[in-house]
Each structure stands twice: as structure tokens, then as C-alpha cells.
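Asker: Could you have a look at this structure, given as C-alpha cells, before my questions?
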Amino acid sequence: WSSRDFPWTKKLEADNKKVFGNPSFRPNQREVINATMSGYDVFVLMPTGGGKSLTYQLPALICPGITLVISPLVSLIQDQIMHLLQVNIPAAYLSSNMEWTEQQEILRELNSDVCKYKFLYVTPEKVAKSDVLLRHLESLHTRESLARIVIDEAHCVSQWGHDFRPDYQGLGILKQKFPTVPVLALTATATMSVKEDVVQALGLANCIIFRQSFNRPNLRYSVIPKTKKCLEDIDNFIKKFHFDQCGIIYCLSRMDCERVAEKLQEYGHKAAFYHGSMEGAQRANIQKQWSKDEINIICATVAFGMGINKPDVRFVIHHSLPKSIEGYHQECGRAGRDGLPSSCVLYYSYSDYIRVKHMISQGTVDQNSFGSGYGRSNVAASGRILETNVENLLRMVSYCENDVDCRRLLQLIHFGEKFESANCRKTCDNCSKIQKCIEKDVTEVAKQLVELVKMTGQKFSSAHVLEVYRGSLSQYVKKHRHESLRLHGAGKHLAKGEASRVLRHLVTENILVEDVKKSDLYGSVSSVLKVNESKAYNLFSGAQTMRLRLPSSV
Ligand code: ADP
Ligand code: ZN
Numbered sequence: 432w433s434s435r436d437f438p439w440t441k442k443l444e445a446d447n448k449k450v451f452g453n454p455s456f457r458p459n460q461r462e463v464i465n466a467t468m469s470g471y472d473v474f475v476l477m478p479t480g481g482g483k484s485l486t487y488q489l490p491a492l493i494c495p496g497i498t499l500v501i502s503p504l505v506s507l508i509q510d511q512i513m514h515l516l517q518v519n520i521p522a523a524y525l526s527s528n529m530e531w532t533e534q535q536e537i538l539r540e541l542n543s544d545v546c547k548y549k550f551l552y553v554t555p556e557k558v559a560k561s562d563v564l565l566r567h568l569e570s571l572h573t574r575e576s577l578a579r580i581v582i583d584e585a586h587c588v589s590q591w592g593h594d595f596r597p598d599y600q601g602l603g604i605l606k607q608k609f610p611t612v613p614v615l616a617l618t619a620t621a622t623m624s625v626k627e628d629v630v631q632a633l634g635l636a637n638c639i640i641f642r643q644s645f646n647r648p649n650l651r652y653s654v655i656p657k658t659k660k661c662l663e664d665i666d667n668f669i670k671k672f673h674f675d676q677c678g679i680i681y682c683l684s685r686m687d688c689e690r691v692a693e694k695l696q697e698y699g700h701k702a703a704f705y706h707g708s709m710e711g712a713q714r715a716n717i718q719k720q721w722s723k724d725e726i727n728i729i730c731a732t733v734a735f736g737m738g739i740n741k742p743d744v745r746f747v748i749h750h751s752l753p754k755s756i757e758g759y760h761q762e763c764g765r766a767g768r769d770g771l772p773s774s775c776v777l778y779y780s781y782s783d784y785i786r787v788k789h790m791i792s793q794g795t796v797d798q799n800s801f802g803s804g805y806g807r808s809n810v811a812a813s814g815r816i817l818e819t820n821v822e823n824l825l826r827m828v829s830y831c832e833n834d835v836d837c838r839r840l841l842q843l844i845h846f847g848e849k850f851e852s853a854n855c856r857k858t859c860d861n862c863s864k865i866q867k868c869i870e871k872d873v874t875e876v877a878k879q880l881v882e883l884v885k886m887t888g889q890k891f892s893s894a895h896v897l898e899v900y901r902g903s904l905s906q907y908v909k910k911h912r913h914e915s916l917r918l919h920g921a922g923k924h925l926a927k928g929e930a931s932r933v934l935r936h937l938v939t940e941n942i943l944v945e946d947v948k949k950s951d952l953y954g955s956v957s958s959v960l961k962v963n964e965s966k967a968y969n970l971f972s973g974a975q976t977m978r979l980r981l982p983s984s985v
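Heads up, the sequence shown is in the UniProt record's numbering, so the first residue is 432 and it goes up one at a time.
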């Protein structure tokens, strides 16, 4: 597909330079364009910043007819249309919150014999809910004027993904109705299972798949234990490594965003906050100031990011635990789009895990990057979706708990990619530590911890279980007479941090489960450990042993 002998090659080269001002093509762009222009269904997995838009914008320019683009977020659509209009490409969008007369006008234009638009952008719910739209598309199709269907952020189709959108599932109808119109599905995040789900739901059985490495060599990754001094640490980090540069700090809640922004302002940074419950105009204003460099640092929930095309973001800091490795990879991907070195720092504490888990089960997580409108998904996730979310979160915890293996390797494995950690060239915290590690059999410790959770009636927090295991004689321990348990102090001899590592490993392996509850009227959460009997059975029957890679200093 990289051949330059297609009938459109000359025009392609010329328009890429002339219209879009690009000196050349980026990896896979030419290949994708050639495949979709040859009439095939194409599925593109390309990391954020890879240049997906060009792969449908150039064909749209060259082919006769209209390109239909399904995109999840109105503000992203508006941003794209603005860019197209700037280079004199006529484009329109339809969304449910537009005035009816305005919608009528656009539909009328679609019906005209010489429709001026090259692009029609719509949100997925529009496809699912508007018969009028489908009828207009049919009419375009019979006039041979529906050139291509583009599905942006295609991973939203999949329930296994980190960003499932119910409206996306209805998009399969497009291939059914228009089997001869080429479909181009694009995403920046897809594991193998998500990919298969998407291909199936969209009916792209014979599609050509383009996939490139998700490794971003110019990003440096590290995970840092989150302490009470976290904000001071962030301030120091920025002043030391990224003074007066641009960055994003992802926070868990709206309150966190505001608090972090305020603190950074006190420290003298040009910071602002951004989250889902702000007015549209307010958000647009922040975005504008940020693109003009009037603001350097945005403290945001994940609602901020999509459609943010700033190439010179020099750092992405996660003030709290991200909800999945896919989400994390995508959020980090907003740094260093210009290819220059940039930092991704994650502040991790186990207690954030409990907080995020609670938010997921309550449905109070700030809605992801896009969706129909902003705001919280007030529906608590249930059943399989909740399970997937918790699993995704546990993988993230396991990533953070790992201080031995290459961060790139850990991320790329998740995308089904092979990676030699030597190629990291010490650009992650684990690779740059000069350390030896040992592999240690911790099965006995694991069993004792599980036993201890049972002995204390599955009613206590992980912190308490660890206290008892280490032999604490605190008042609280005595109050519950836990000093008289057989395993009280059984872990005394272990190196610092070893027992808690094992315990967290038991949680990420789903042998122990954090049962999270709201503990008081003020909404703080508490959590007690329970035993997952069926999983624990393997440990006690000898079917499963547990080995941990530990830095040899521990
Ligand atoms: P994605 O959607 O994959 O995250 P975009 O399509 O938004 O990426 O492109 C990211 C940035 O790269 C944009 O600023 C775009 O103008 C730029 N870009 C895309 N293709 C090229 C190219 N061939 N040469 C130079 N810049 C490009
Ligand atoms: Zn590494």
C-alpha cells in the first residue's frame, strides 16, 4: 500500500503540501489513504498525534461526493470544521442540540444536486436516533454522492474498551445500509479484544488493518509514590524541568482540579482548571487561553484532552490514578506531539485505588473525554461493564506497583505488542534505576495474609491487616484483640514494604478484593478486604504459587 503508483498519487502529494502544508507523510498515512481510496474497508490503529485526520481529509478532497464523519464530541467536531474552513474546505455538522431550522438548512443542502459540502460530521446518537438523517444519506447514496464513512474513536463501540459509548453500537447499521461505501474506522487505543469487538460490531469482516507501534519514544515515563507533599513535588518538578512550559495535570475530581490549580497559582504558575461541570463558554475560554499560551498548566479531569491539538505539551502529570492503561496511554499521548522529549509523571497511592474504585461503582467519575455532552455518567455501571472497569483499574494498579519492569514494555504488552526493554534506553524510571532484582517465592506470605483476612472476619482494611501481620500493638489492634491471633507478628521478619507488596499483588490477582463503601455522610470512603474463595483455593491447594520480582535492595 505504500506504492506511489496509484492514479491519485500526484494529486495526493500536491494537496498534502499545498492544502495542508505538510512537507511529507507520517508513518502509515499514505498506506491508509491508498487502501481506503481503493475502496476497501480500513481499520486504523494509530497513537494519539499520529495524524489520523489527514487519512480521511485528503481522500475527501480528492474523491467526488461527501464524506460522513462520526465523531463523539461536538466540541471536537467544531474544532475540526474550523480547521477545514480555514483551508477552504466546506464542511458542516449536525447535532441534536442545534436549532431545527439550522438542521433543515444543512439537510436541504445535502439534497441539492451540487451539494457544496465535502464533509458532514455527525455525533453517533444522531445516527442512532435520526431517521431523517438516514433517509438523506440513502438519497446521497443513490446519487452516488456518499464517498466514504469515517468512524472516529472507533474503540467506543466496544464494551471491553475504556470508553464504551452505547450510541456507537448502533453504527453497524451503516455497513448494512451502505455495503458498497468504504468505511474507515480510526482509533488511538485498542487492545486485541477491543479490535475484534469493533470489527464485528461495525460489520467490517474483510477490512484491512493498519497498526503501528504504540511506543512513543520521546515520552519519558515515571511513577512516583504520592505523599502529602505531592503538590510541592509537582511544583518543584515543573520549576526544575519544565519551567514556563506547557503541561496538563489530570485530576480525579472537579474539586481536585480546582484545588490543584489554586495551589499552583500560589506557587507562581500560570495555571487554570477545567472540568465537566463548567459552562461551555468558560471551557472554550480556557482552551483559547491555553492555545495562546496565556495559560501554561491546565488542571483537568479527563474531560479535557480530545481535540486538544497543542503540539508542544511538555508534560502530562497524573495527580491520581488513571482508570485504565489504555486511558493512561492516551492521556500521556497528548504530550510531545511535536516529537520533542516530554515527561509523563504519575503520582500513585494505593488509597487512590480505593477512591477510584468507589467512583466507578457509583458512576461519579467525570465523564471521559467525550460523549453526548459533558458531565458525570450518573448511572452506576453494572454487571459486565462494571467488572471490565474494575479489571482495567486493577491492571493500572499493577502497573504502578511494579517498580522493576520497563514502563514501555508494560504498556505495550497491554496492546499486544512486543517490545525489547533495551530499546527504552533508560527513558522510564524503572529502566533508569541501577538495580538488580531478584525473584522471590512469596507463596507462604500470601497464604498467611489471606488467612489473616479470614481470621479477622473480613471486616478490616488492608492497612489494619498489615499492622497485625507486622505485630503492631496499637490501641486499635488491642481493641479488637488482634494481638492474640496466631498470625499476629508473623510478618515481622520481612523486609520493609514486602508484606504490603504481596498484599497488593493479591488484590491485583483478584484473590483478595477491596470491598469499598461510603463510610459517612461526607462521602469519604472506606474499604475492607474480603477473600475471593474460588481464587484463593488455588493458592492453598498448591495449584498456584506466587512469585514477585523485587529490587534486591528490598
Ligand atoms: P490524531 O487524530 O491521530 O491524534 P491529528 O490528526 O489530530 O492526530 O494530527 C496531529 C497533528 O499532526 C496535527 O497538528 C496535524 O496537523 C499534524 N500532522 C498530521 N499529519 C502530518 C504530516 N504528514 N506532517 C506534518 N504534520 C502532520
Ligand atoms: Zn523502560
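The beta-carbon is built from N, C-alpha and C at its ideal position, and this holds for glycine as well.
Would you kindly work out how many angstroms separate the C-alpha atoms of residue 758 and residue 899, rounded to a whole number?
Answerer: 36 Å
Asker: Of all residues in the structure, which have a C-beta closer than 6 Å to any heavy atom of the ligand ZN, taken in chain order?
Answerer: 837, 838, 839, 852, 855, 859, 861 and 862
Asker: Is residue 768 near the ligand ADP, judged by its Cβ being under 8 Å from some heavy atom?
Answerer: Yes, the beta carbon of residue 768 sits closer than 8 Å to at least one heavy atom of the ligand ADP.
Asker: Rounded to a whole number of angstroms, what is the C-alpha to C-alpha distance between residue 964 and residue 760?
Answerer: 33 Å
Asker: Decide if residue 517 is buried, meaning its Cβ has at least 16 other Cβ atoms within 10 Å, or exposed.
Answerer: exposed
Asker: Tell me residue 435's beta-bridge partners as DSSP assigns them.
Answerer: Answer is none; residue 435 lacks a bridge partner.
Asker: Tell me whether residue 558 is buried or exposed, calling it buried when 16 or more other Cβ atoms sit within 10 Å of its Cβ.
Answerer: buried
Asker: Taking the beta carbon of residue 468 as the centre, do at least 16 other beta carbons fall within 10 Å, making it buried, or is it exposed?
Answerer: It counts as buried.
Asker: Is residue 482 near the ligand ADP - that is, is its Cβ less than 8 Å away from at least one heavy atom of it?
Answerer: yes
Asker: In this structure, does DSSP put residue 678 in helix, strand or coil?
Answerer: Here residue 678 sits in strand by DSSP.
Asker: So, with DSSP's three-state summary, where would you put residue 988?
Answerer: Any answer about residue 988 is impossible in this case: the structure gives the chain only from 432 up to 985.
Asker: Output needed for residue 939: all residues of its chain with C-beta closer than 8 Å, excluding positions within five of it in sequence on either side, in chain order.
Answerer: If we look at residue 939 and ignore the five residues flanking it on each side, its Cβ neighbours are 825, 826, 828, 829 and 832.
Asker: So, helix, strand or coil for residue 877, using DSSP?
Answerer: helix
Asker: With which residues is residue 563 paired in a DSSP beta bridge?
Answerer: As far as DSSP is concerned, residue 563 takes part in no beta bridge.
Asker: So residue 570 packs on residue 542, CB below 8 Å; how close in whole Å?
Answerer: At roughly 7 Å, the Cβ-Cβ gap stays under 8 Å, so residue 570 and residue 542 are in contact.
Asker: According to DSSP, residue 958 sits in a beta bridge with which residue or residues?
Answerer: 947
Asker: Heavy atom of the ligand ADP less than 8 Å from the Cβ of residue 522, yes or no?
Answerer: For the ligand ADP, not one heavy atom lies less than 8 Å from the Cβ of residue 522.
Asker: Return yes when the C-beta of residue 740 is under 8 Å from any heavy atom of the ligand ADP, and no when it is not.
Answerer: yes
Asker: Rounded to the nearest angstrom, what separates residue 462 and residue 620 at their Cα positions?
Answerer: 19 Å
Asker: At which residues does the alpha helix (DSSP H) containing residue 779 begin and terminate?
Answerer: Looking at the DSSP string, residue 779 is not in any alpha helix (DSSP H); the run it does join, the beta strand (DSSP E), is 773-779.
Asker: Please name the residue, chosen from 754, 817 and 762, that lies closest to residue 787 on a Cα-to-Cα basis.
Answerer: 754
Asker: Quick one: what's got a C-beta closer than 7 Å to residue 785's C-beta in the same chain, skipping five residues either side?
Answerer: 945, 947, 956 and 958
Asker: Tell me which residues share the same chain as residue 840 and place their Cβ nearer than 6 Å to its Cβ, disregarding the 5 neighbours each side in the sequence.
Answerer: 850 and 852
Asker: Check the DSSP bridge columns for residue 474 and list the partner residues they point to.
Answerer: 616 and 640
Asker: Comparing C-alpha positions only, which one of 732, 704, 457 and 779 sits nearest to residue 659?
Answerer: Closest option to residue 659, Cα to Cα, is 779.
Asker: Please identify the residue among 493, 599 and 544 whose C-alpha is closest to the C-alpha of residue 465.
Answerer: 493
Asker: In terms of alpha-carbon separation, which member of 709, 730, 686 and 744 lies closest to residue 723?
Answerer: 744
Asker: Around the Cβ of residue 820, are there at least 16 other Cβ atoms within 10 angstroms (buried) or fewer (exposed)?
Answerer: Buried: at least 16 other Cβ atoms inside 10 Å.
Asker: With distances taken between CB atoms, is the gap from residue 502 to residue 554 smaller than 9 Å?
Answerer: yes
Asker: Quick check: the stretch 629-647 against the stretch 702-709, are at least 3 beta-carbon pairs closer than 8 Å?
Answerer: Judged by Cβ distances under 8 Å, the stretch 702-709 makes no contact with the stretch 629-647, as fewer than three pairs qualify.
Asker: Consult DSSP for residue 550 and reduce its assignment to one of helix, strand or coil.
Answerer: It is a strand residue.
Asker: Which one of 752, 747 and 664 has the shortest CA to CA distance from residue 764?
Answerer: Among 752, 747 and 664, the Cα nearest to that of residue 764 is on 747.
Asker: What is the residue span of the alpha helix (DSSP H) that residue 831 lies within?
Answerer: 814-832
Asker: Please identify the residue among 577, 505, 886 and 551 whose C-alpha is closest to the C-alpha of residue 911.
Answerer: 886
Asker: Does residue 577 come out as helix, strand or coil in the three-state DSSP assignment?
Answerer: strand
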